[in-house]
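Asker:
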Amino acid sequence: MMRSVFTKTLYEKRLFVVGWSLGMMALAMLMTSFYPAMHQDGSLDALVKNMPAAFQGLVGSLANLKQFDTYIASQLFDIRVPLIAGIMAIILGLGLSTKEEEDGELRTLVALPISRSKIFFEKWFAMIAIMALIALGLLSGIYVVLPFLSDATIELKDALMLVAITWLIMVTYGTITFGVGMLTGRRAWASFIGTFVIIGSFLLSTFSQAVDWLKDYESWSLLHYFPALEIIESGINWQDIAVLSAVTVTTLIMSWAIFNHRDIN
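Going by this note's numbering, the residue at position 150 of the sequence shown is 154; the numbering climbs one at a time, nothing skipped.
Right, dumping it as structure tokens:
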């Protein structure tokens with residue numbers, strides 16, 4: 005028998021961790037291996053010239069493809085990882101909140117001599133630990149391929165900063181879905197709000213580069229506070245961390261306060 009909700013959750017999600025870690029690792033390996041072809045002079049000029057301006061945010065600036073650190077920041081962390089991480093966060097957040105309530109497992113847990121606060125926070129700590137393991141898959145994928153590329157380098161501290169902020173955005177996304185799920189007990193609400201925040205952030209940050217009227221609202225996107233290229237060029241902006249942390253903590257406290265007193269379905 006598991007000693008705590010934390011270890012029970014980690015054990016039950018072990019296949020989820022392995023699957024998503026390998027998936028993130030494979031994605032990082034794929035994008036890293038594409039670098040020699042992507043950074044060649046003129047290789048993408050024709051494509052970008054013929055691409056509608058509204059879609060150039062999906063590719064980024066060609067100047068970022070010349071060096072590996074800016075290439076991996078723009079093509080992996082700035083474009084692909086946030087959306088994939090968001091999907092993972094929704095699945096995990098729902099699995100740890102509304103799914104267990106629908107299956108009757110949560111009612112069984114609260115009937116045990118364990119406080120609701122302990123159940124809530126141990127589930128949340130398990131979630132962020134799982135996300136840390138999955139984020140490390142990205143780091144592993146990059147450094148598995150790098151030795152085979154003669155002209156690609158990235159400082160370990162830069163890679164660690166990118167992975168750390170990726171983990172933080174995962175935690176923020178996951179906490180929103182998990183928090184709404186624990187607060188309401190409704191899968192539909194948790195899924196809708198989590199998806200709205202994640203897809204809305206992705207669309208705002210992607211298309212605000214080309215659509216003028218969207219630029220005024222881009223700061224509402226959580227991805228505005230995940231500037232992968234700026235992290236490579238000038239390091240972490242602690243104001244970005246403060247904003248993401250504030251969203252996470254506020255959501256967590258509100259959902260915990262209501263979960264402590266609501267009826268379990």
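Even glycine gets a Cβ: it sits at the ideal position worked out from N, Cα and C.
Just so you know, these numbers come straight off a predicted model, no measurement behind them.
Of all the options Asp244, Ala139, Val167, which has the alpha carbon lying nearest to the alpha carbon of tryptophan 224?
Answerer: Asp244
Asker: Could you please give the first and the last residue of the uninterrupted alpha helix (DSSP H) stretch that includes tryptophan 260?
Answerer: Tryptophan 260 -> alpha helix (DSSP H) spans 242-263.
Asker: Taking the CB atoms as reference points, tell me whether methionine 42 and leucine 69 lie closer together than 7 Å.
Answerer: yes
Asker: Check whether the Cβ atoms of leucine 227 and proline 86 lie closer than 7 Å to each other.
Answerer: yes
Asker: Going along the chain, which residues of its own chain have a beta-carbon closer than 7 Å to the beta-carbon of leucine 150, five neighbours each way excluded?
Answerer: Thr36, Ala156
Asker: To the nearest angstrom, how far is the alpha carbon of phenylalanine 206 from that of leucine 113?
Answerer: The C-alpha of phenylalanine 206 lies about 36 Å from the C-alpha of leucine 113.
Asker: Tell me whether valine 184 is buried or exposed, calling it buried when 16 or more other Cβ atoms sit within 10 Å of its Cβ.
Answerer: buried
Asker: Is threonine 179 near threonine 255, with beta carbons less than 7 Å apart?
Answerer: yes
Asker: Report the CB separation of methionine 174 from alanine 93 in whole angstroms; it is logged as a contact under 8 Å.
Answerer: 6 Å
Asker: For tryptophan 242, count the other beta carbons within 10 Å of its own beta carbon; 16 or more makes it buried, fewer makes it exposed. Which is it?
Answerer: exposed
Asker: Residue range of the alpha helix (DSSP H) that alanine 156 falls in?
Answerer: Where alanine 156 is concerned, there is no enclosing alpha helix (DSSP H), given that its DSSP letter is neither H nor E.
Asker: Answer yes or no: do tryptophan 260 and phenylalanine 129 have a C-beta to C-beta separation smaller than 7 Å?
Answerer: no
Asker: Would you tell me roughly how many angstroms separate the C-alpha atoms of glycine 189 and isoleucine 88, rounded to the nearest one?
Answerer: 25 Å
Asker: Let me make sure I understand the geometry here. Which of Ala115, Trp171, Arg266, Ala77 has the alpha-carbon closest to that of methionine 186?
Answerer: Arg266
Asker: Would you be able to state if there are at least three C-beta pairs under 8 Å between the segment 136-146 and the segment 156-166?
Answerer: yes
Asker: Who are the Cβ neighbours of valine 9 in its own chain at under 8 Å, not counting the five residues just before and after it?
Answerer: Leu113, Ile118, Lys122, Ile123, Glu126, Lys127, Ala130
Asker: Measure the Cβ-Cβ separation of glycine 198 and threonine 181 and say whether it is below 7 Å.
Answerer: Yes, the Cβ-Cβ distance between glycine 198 and threonine 181 is below 7 Å.
Asker: Measure the Cβ-Cβ separation of lysine 17 and isoleucine 134 and say whether it is below 7 Å.
Answerer: yes
Asker: Sorted by chain position, which residues of the same chain lie with C-beta nearer than 7 Å to leucine 137's C-beta, five sequence neighbours on each side aside?
Answerer: Cβ within range, chain order: Val21, Ser25.
Asker: Would you kindly report the start and end of the unbroken alpha helix (DSSP H) that includes lysine 122?
Answerer: 120-149
Asker: Can you list, in chain order, the residues of its chain with a C-beta nearer than 6 Å to that of isoleucine 262? Leave out the 5 residues immediately preceding and following it.
Answerer: Leu187
Asker: How many angstroms separate the CA atom of phenylalanine 38 from the CA atom of glutamate 237?
Answerer: 22 Å
Asker: Could you give the C-beta distance for alanine 32 and leucine 96, rounded to a whole number, given that I count them as a contact under 8 Å?
Answerer: With 8 Å as the limit, alanine 32 and leucine 96 do not qualify as a contact, their Cβ atoms being about 19 Å apart.
Asker: Between which two residues does the alpha helix (DSSP H) containing phenylalanine 38 stretch?
Answerer: Annotation for phenylalanine 38: no alpha helix (DSSP H) segment contains it, and DSSP assigns it neither H nor E.
Asker: Hey, how far is the Cα of leucine 153 from the Cα of glycine 239?
Answerer: 25 Å
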